[in-house]
Structures are given as C-alpha cells and as structure tokens.
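Undergrad: Just so you know, we're using our numbering here: the sequence shown kicks off at 1063 and counts up by one.
Sending over a structure as structure tokens; questions will come in a sec.
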Amino acid sequence: MKLNLENVQLIKNDLSEELLDHYSSQDLLAVDCEMMGLIPQRDKLCLVQISDSNEKITLVKTEPPHKAPNLKALFENSKVRKIFHFGRTDLAFLYHWLNIDIKNVFCTKTASKLVRTYTDKHSLKDLLKEILCVDIDKNSQLTDWGAPELTKEQIKYAASDVLYLIPAYKKLIELLKRENRLEIAEEACAFLPNLAKLDLFGYTDFFAH
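Quick look at the structure:
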C-alpha cells in the first residue's frame, strides 16, 4: 500500500452530498484531525481527514463559521465505525469546534496499549512500523495547519495519517481476539467520546485519586 495523491481530494468546510452518501455506505472509516495546538478552547481545528477501505481520501479544511452538517451527519451515524489514533484529542476538537458527538469510535492507540503490552511505543509511527512494516514520515506534524494554503508535504502527511489506519485496525482486532482482550478494548473505545467531553469541561484527571 502506497499513497497515491490522485486519490486525495482537498475541499473546504464540509463534505458534498455525494461524498456524504459515499462515506455513509462504508462500514469502516479512518479519521484524523490537524489542529493549531492541543487545547480546543484556544487552538483551531484546521483539517479533518477521512479515508475508506478503498483509499478514497478526503481532506476537509475547516474555516469560519465552522459549520459542517454533512460531516456531523456522517460522524454521528452509528452504522459507520470511525477509526482514530489517539481519538481522545480529535473527539474533543470535533465536539468543541463542529458540535459533532461522534458515534461508534475505535482508537488504535487504545487498542495498541491493551494488546502490545511488551512495549511502551504506541505512536502511530511505531505501531505502523511494527504491525504493517510501514514507515511514515512525520516531519510535517508540527507545521502551520492554519495557513491559507497547505503545502504538498502537508497534504501528503495528512493523507498518510489516515491511509494505514484501517489495515492497522484489522490487524489489532486479530491480536485483541488472540489475547482475549477485544471486549475490553471495545468498551474502552466506547467511552472515549465521554472522556473527551470531560477533558473539555476541565476534568482531565477525573479518575485520579
């Protein structure tokens, strides 16, 4: 599997009706977000990336007034599973900036921590390198995602972050089943939207002593 930029579409603000219909027909979607920082109340949500199992990738550049009814309809559709890596942060930004309360979420970082207990390396780069033998370039991670025009390197980076999530998800499901940890992984991921809301309300250490 290799990124083909011809499969990548960059649009502004929201999905078209055609894209909404297409992605709503999928069982699995990979999702990621790019922001100006990590504090939703301060930092802007700049980009939402989506990929299906056929590597059809759409990058949605969010702009004021930050209304995306088609994205909201897609992400709140419980029939479509949305796969993130460290979804906790992305979910908080999507809720804060676009009022999206995502349904049917799975986080590959959560799954990795539950099943790859022989390592403490659970970044997307480390995960993909081990389970898919893919080495992704993270050099554009800390760049200006709020710029009016994205660079080719930023587009490649953003697309690569969702390209491999579905294959990684499928491999992690196999491992979780093997180790009898799929049920706890599903339950942990199901709680992530509420955990993101607790973060937004300032309860970042809610379960601490």
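Glycine included, C-beta positions come from ideal geometry on N, C-alpha and C.
Owing to the predicted nature of the structure, the values given are computational and were not obtained by experimental measurement.
Does the Cβ-Cβ distance between K1187 and I1162 come in under 7 angstroms?
TA: Numbered from its first residue, the sequence shown carries residue 1187 at position 125. Numbered from its first residue, the sequence shown carries residue 1162 at position 100. It is not a contact, given that the beta carbons lie outside the stated cut-off.
Undergrad: Along the chain, where does the beta strand (DSSP E) that runs through T1120 open and close?
TA: Within the sequence shown, residue 1120 is the residue found at index 58, counting from 1. Looking at the DSSP string, the run of the beta strand (DSSP E) that includes T1120 is 1119 to 1123.
Undergrad: Identify the residues that DSSP records as bridge partners of R1143: which are they?
TA: The residue you call residue 1143 lines up with position 81 of the sequence shown. Beta-bridge pairing links R1143 to L1090.
Undergrad: Quick one: give me the first and last residue of the alpha helix (DSSP H) that C1251 is part of.
TA: Numbered from its first residue, the sequence shown carries residue 1251 at position 189. Residues 1244 to 1262.
Undergrad: Using a Cβ-Cβ cutoff of less than 8 angstroms, which residues in the same chain neighbour T1170 once the five nearest sequence positions on both sides are dropped?
TA: Counting from one through the sequence shown, the residue named residue 1170 turns up at place 108. I1145, F1146, H1147, L1186, L1189, L1227, A1230, Y1231, L1234.
Undergrad: If you drop the 5 nearest sequence neighbours on each side, which residues of the same chain put their C-beta closer than 6 angstroms to that of A1250?
TA: For the purposes of this step, residue 1250 is identified with residue 188 of the sequence shown, where counting begins at 1. Excluding sequence neighbours, A1250 sits near T1172.
Undergrad: Alpha carbon to alpha carbon, how far is K1183 from E1080?
TA: Taking the first residue of the sequence shown as position 1, residue 1183 is located at position 121. Taking the first residue of the sequence shown as position 1, residue 1080 is located at position 18. Answer to the nearest angstrom: the Cα atoms are 39 angstroms apart.
Undergrad: Taking only beta-carbon atoms, is S1140 less than 7 angstroms away from chain B?
TA: Considering every chain present, this structure includes no chain B. It has just one protein chain.
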